[in-house]
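Here is the structure we will look at.
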Amino acid sequence: KVVAVIMVGGPTKGTRFRPLSLNIPKPLFPLAGQPMVHHPISACKRIPNLTQIFLIGFYEEREFALYVSSISNELKVPVRYLREDKPHGSAGGLYNFRDLIMEDNPSHIVLLNCDVCCTFPLPEMLEAHKKYDGMGTILVIKVSAESASQFGELVADPVTNELLHYTEKPETFVSDRINCGVYIFTPDIFNTIEGVSTQWKDRGSDTFSMNRRLSSFESLHSATRNAPTHFVRLDQDILSPLAGKKQLYTYETLDFWEQIKTPGMSLRCSGLYLAQFRVTNPHLLVSGDGTKSASITGDVYVHPSAKVHPSAKIGPNVSISANARIGAGVRLISCIILDNVEIKATGDYNSKLGITILGEAVTVEDEVVVINSIVLPHKTLNVSKKNSVTA
Ligand code: GDD
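Just add 3 to the spot in the sequence shown (first one is 1) and you have this note's numbering.
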């Protein structure tokens, strides 16, 4: 049996994603018309003998309640949201819920970061993991040497794929192979995390070493500063020390992979998922064959409840969410249009949007041109915008 765990973080972790995630938690922000977390969840469907999917985070339970119940029904696999009272780090959060995760006595745990966009080759990784016979297998990708330092850089044995060296966001270049935030573990991972915390406790938790381990969030909140810490990070505290010990192995993907930390990246990732739908879920894309009478170019998603005027021109890379209304003659290119947005166009001139994200319930008046912009929820735009954030 296999269980999947998706680390969704919490409001303080999503700060770089603001202002977009003010109304919706970042993991529920739509990419290609589906919540961000929906993409890893639907990839889990391909895992043989999957019994449960857990989302672990420190968002309010109610924010995920609706999504979790609808996706459980759709997948016919229980999806549960487990709420941490405060951040415990990527490994600490997992460890906290070990009893629930081990409930079905799984042989493997698939662990996923929520804010990555890729094809999630999970069954293939699982097969590789079984052959390696280690405690964990990490998905890796080759990136440019310049961008590698934003991630965990690693070195693997080219023959055995064993993880030989791991450094999290190093200051000097180590390798152009990076950690994708997608893992397969055996349940031994829990003993390893426990071992690390016990070591720390034995060494005594003086304020210096404890603060060093706390997240910036926690060190800002003195109330938690002196509490016994169970803040364990998977990368620095677990992967780094285990490298070269024949316990961790790597699986390299040649498909696309991106990290989604900023609103700008969400547009790129929305486009990547739309392009993937062409192969995996073509029924989700609107085709230009006249089924929706608006003129469609490239990959476009339109929610069934959205209304698009037949004279509108939509695409490429456009995703339109529930109850949005797109008026006559409107031109949309590279956009994410959130719920209840209205783009009006009734006069001689028409509204035009390029590379833009419109927040929930935004209204764009007639004759308005919006390019390269982000507009916060509940705004009405009656003047044109370029390269701006409207708050
Ligand atoms: N539940 C919970 N609790 N989730 C958390 C916590 C926590 O305390 N801290 C982080 N997360 C979640 C985040 O939401 C994210 O999905 C994942 O765990 C990793 O977040 P970070 O620990 O902040 O690391 P990062 O995103 O900067 O980098 C990690 O991922 C990269 C790939 O995207 C590292 O593992 C890098 O090495 C890796 O390249």
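Ideal Cβ placement from N, Cα and C applies to all residues, glycine included.
Cβ-Cβ distance between residue i and residue j below 8 Å
i, j, result
"I263", "C120", "yes"
"H306", "A325", "yes"
"S298", "K316", "yes"
"I192", "A151", "no"
"F123", "V185", "yes"
"N164", "Y252", "yes"
"K355", "R334", "yes"
"H233", "G95", "yes"
"R206", "L125", "no"
"S110", "V5", "yes"
"I187", "G139", "yes"
"N284", "D302", "no"
"F61", "R83", "no"
Coarse secondary structure for residue i, derived from DSSP in three states
i, result
"Q239", "helix"
"V40", "coil"
"F211", "Reliability of the predicted coordinates at F211 is poor, the pLDDT of 38 falling under 50, and the value obtained from them is presented with this limitation in mind. The answer is helix: DSSP assigns F211 an H, G or I state."
"G357", "strand"
"I144", "strand"
"A150", "Inspection of the sequence shows that residue 150 is occupied by Ser rather than by Ala. Residue state, collapsed to three classes: coil."
"F188", "strand"
"K133", "helix"
"T170", "strand"
"L251", "strand"
"M138", "coil"
"I340", "strand"
"I196", "helix"
"C47", "helix"
"L125", "helix"
"P307", "coil"
"T393", "strand"
"P14", "helix"
"L395", "Any answer about residue 395 is impossible in this case: the structure gives the chain only from 4 up to 394."
"K347", "coil"
8 Å CB neighbourhood of residue i in its chain, flanking five on each side removed
i, result
"A230", "With a pLDDT of 39 at A230, under the threshold of 50, the predicted position of this residue should be treated as unreliable, and no value is reported."
"P380", "L25, N26, L341, G362, E363, A364, V365"
"H91", "Y98, N99, H233, F234, V235"
Other residues of its chain near residue i: CB distance less than 6 Å, five sequence neighbours each side excluded
i, result
"V177", "E156, T170"
"K347", "G330, E368, D369"
"N390", "N375"
"I336", "G357"
"Q55", "V6, P81"
"K382", "V365, T393"
Contact belief for residue i with residue j at Cβ below 8 Å, rounded distance in angstroms
i, j, result
"M268", "N116", "Not really, about 14 Å apart at Cβ, beyond 8 Å."
Heavy atom of the ligand MG within 7 Å of residue i beta-carbon
i, result
"V333", "What this structure holds is the ligand GDD, not the ligand MG."
8 Å Cβ cutoff, residue i in contact with chain B
i, result
"Y84", "No chain B appears in this structure, which consists of one protein chain only."
Ordered list of alpha helix (DSSP H) runs contained in the stretch 50–78, each at least 4 residues: Runs of alpha helix (DSSP H) with 4 or more residues, each lying fully within the stretch 50–78, are found at 64–78, listed in chain order.
Pick out the complete beta strand (DSSP E) segments inside the stretch 359–384, 3 residues or longer, and give them in chain order. 372–378
May I have a chain-ordered list of the alpha helix (DSSP H) segments no shorter than 4 residues that lie completely inside the stretch 260–298? 266–283
Can you list the alpha helix (DSSP H) stretches of 4 or more residues lying completely in the stretch 76–109, in chain order? 92–99, 101–104
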